[in-house]
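Visitor:
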Amino acid sequence: MDRALYTRSFNPDNVPAWRCPLCEEGHLTLAKENFAKDQTVVSRLEQQEDFSEFDWIRYRFACMFYCSNGKCKEPISCTGVGRVDTFRWYDQYGDDHEEHQDNFDPKYFEPPLKLMDLPEKCPEEVSEHLESSFAMFFSNPAAAMNSARIALEALMDHFRVPRKDVNGERLSLHARVNKLPQQYAPLRKNFLAVKWLGNAGSHKGQKPESQDVVELYDIFEHALGKMFDEKDQKIAQLVVRINNDQGMQRRPAP
Numbered sequence: 016m017d018r019a020l021y022t023r024s025f026n027p028d029n030v031p032a033w034r035c036p037l038c039e040e041g042h043l044t045l046a047k048e049n050f051a052k053d054q055t056v057v058s059r060l061e062q063q064e065d066f067s068e069f070d071w072i073r074y075r076f077a078c079m080f081y082c083s084n085g086k087c088k089e090p091i092s093c094t095g096v097g098r099v100d101t102f103r104w105y106d107q108y109g110d111d112h113e114e115h116q117d118n119f120d121p122k123y124f125e126p127p128l129k130l131m132d133l134p135e136k137c138p139e140e141v142s143e144h145l146e147s148s149f150a151m152f153f154s155n156p157a158a159a160m161n162s163a164r165i166a167l168e169a170l171m172d173h174f175r176v177p178r179k180d181v182n183g184e185r186l187s188l189h190a191r192v193n194k195l196p197q198q199y200a201p202l203r204k205n206f207l208a209v210k211w212l213g214n215a216g217s218h219k220g221q222k223p224e225s226q227d228v229v230e231l232y233d234i235f236e237h238a239l240g241k242m243f244d245e246k247d248q249k250i251a252q253l254v255v256r257i258n259n260d261q262g263m264q265r266r267p268a269p
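In the working numbering, the protein residues as written are 16 to 269.
1. With burial defined as no fewer than 16 other Cβ atoms inside 10 Å of the residue's Cβ, what is the status of Leu170: buried or exposed?
2. Whole angstroms is fine: what's the gap from Cys35's alpha carbon to Arg203's?
3. Does the stretch 84 to 99 come close enough to the stretch 65 to 75 that 3 or more CB-CB pairs lie under 8 angstroms?
4. Give the straight-line distance between the Cα atoms of Asn259 and Val192, rounded to the nearest whole angstrom.
5. How is Pro90 classed by DSSP in three states: helix, strand or coil?
6. With distances taken from CA atoms, which of Met242, Glu113, Leu212 is nearest Ala200?
7. Kindly indicate if chain D contains any beta-carbon less than 9 angstroms away from that of Tyr123.
8. DSSP three-state call for Lys179: helix, strand or coil?
9. I believe Gly216 touches Ala157 by the beta-carbon criterion, under 8 angstroms. Please report the beta-carbon distance rounded to the nearest angstrom.
10. Would you mind listing the beta strand (DSSP E) stretches within the stretch 33 to 67 that are 3+ residues and don't spill past its ends, in chain order?
11. Within the chosen definition, does the stretch 28 to 47 reach the stretch 72 to 91 through at least 3 CB pairs nearer than 8 angstroms?
12. Using the Cβ count rule (16 or more neighbours within 10 Å means buried), how would you classify Val209?
Rendered as structure tokens:
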């Protein structure tokens, strides 16, 4: 899944190929007649200053998208913020030119867009937390990362990885990941990477950005695909059996 599309700004004449969250086949097309924007109060006041610049302008916007799939046509509402970007360029004669363009950044979609391809057999409790993460991706990257971390906890619960050690002490998520069943041992490092990024979403310090969430989704999607794809599962089980037997399967003599 090309998540780079979801980190781009848009304008009414150039909308990224965002996938429909319902049918997951069509793409979002903008209903230009429903696109509404207005400057913030602060932006209007700043534009009254003699020394104001175009790139000081800040917008709020609301609009409707519709799925391009004729069998779906799901309406998707969107709100967010906007700005004016200035582009300077020189023509063949060396003359300086300046152009201004309104660009917009979504903050909320309803229904939320899907930012990962989840396997059909992904546990429902894991999917639910990831969908909560998707809903916050555009507005609150830190919260989106934290929800993904909770999804990882739910995944450990699904595989009945204990929450406490033999002494009744709480196990950290790091320790739980390292206790995943042996057939998933090659994926532990992937889930630990998800854990580290998820920690960044819930701890004070450097503020996460959308690209950090994208990296988390990239790793999580890959690991879940390996974990719940039937072909990969069979190969993983085969590898464990061969390693345990140290060779071919022991069969009874004829």
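Where a beta carbon is used, it is the ideal one built from N, C-alpha and C, also for glycine.
Guide: Let me spell this out:
1. Leu170 comes out buried.
2. 32 angstroms
3. yes
4. 22 angstroms
5. The DSSP-derived three-state label of Pro90 is strand.
6. Met242
7. The question asks about chain D, but that chain is absent: this structure has only one protein chain.
8. When secondary structure is reduced to three states using DSSP, Lys179 falls in the strand class.
9. 4 angstroms
10. 43 to 45, 51 to 54
11. yes
12. buried
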